[in-house]
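Notes follow once the structure below has been shown.
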Amino acid sequence: MAFKKERLEKIIARETSQILFSEVKDQRLKLVTITNVNLSGDLSIATIFFTVYGNEDVRMETSKSLEDAKGFIRLNLGHRIEVKKVPELRFKYDESFEQGNRIEDILKGLNDK
587 MAFKKERLEK IIARETSQIL FSEVKDQRLK LVTITNVNLS GDLSIATIFF
637 TVYGNEDVRM ETSKSLEDAK GFIRLNLGHR IEVKKVPELR FKYDESFEQG
687 NRIEDILKGL NDK
């Protein structure tokens with residue numbers, strides 16, 4: 587089951603990226619990068635982590651646009667992946683890159699002293 591879950595997470599990430607780039611009309615979503623997907627144990631919920639270049643306002647607009655496009659994305663995933671039931675999609679901004687940059691800045695500051 588773990589193998590199937592991991593494989594399905596990768597497929598959902600890849601296909602969601604493709605859908606955002608080639609099928610969604612909202613130009614803001616073409617700049618979204620899918621960084622990770624976590625499926626619940628029963629495969630009913632997919633939490634999709636994303637990043638987008640820009641400030642807090644851009645992130646908020648992008649989050650809203652993803653929520654608005656969620657049904658369209660899920661429908662298209664249903665056409666692309668072979669599962670009995672396409673999981674419910676939840677989009678979450680991936681803060682790990684920002685945290686990594688903050689840590690890197692702190693380390694650079696320590697090295698400069």
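Start counting the sequence shown at 587; every next residue gets the next number (our numbering). Ideal Cβ positions, reconstructed from N, Cα and C, are used throughout, including at glycine.
Since residue i and residue j are thought to touch, with beta carbons under 8 Å apart, how far apart are those beta carbons, to the nearest angstrom?
i: I667; j: I598; result: 7 Å
i: F636; j: V618; result: 5 Å
i: I659; j: T602; result: 6 Å
Using only CA atoms, which one of the options lies nearest to residue i?
i: E642; options: E684, K590, I689; result: E684
i: K616; options: N624, T648, L663; result: T648
i: Y679; options: E601, S626, E595, L652; result: L652
i: E595; options: K694, Q613, N624; result: N624
Tell me whether residue i is buried or exposed, calling it buried when 16 or more other Cβ atoms sit within 10 Å of its Cβ.
i: V610; result: buried
i: N697; result: exposed
i: I605; result: buried
So within the segment 593-632, which uninterrupted beta strand (DSSP E) runs reach at least 3 residues, ignoring any that extend past its ends? 619-625
Residue ranges of each beta strand (DSSP E) run of no fewer than 3 residues wholly in the segment 643-687, ordered along the chain? Correct list: 674-679.
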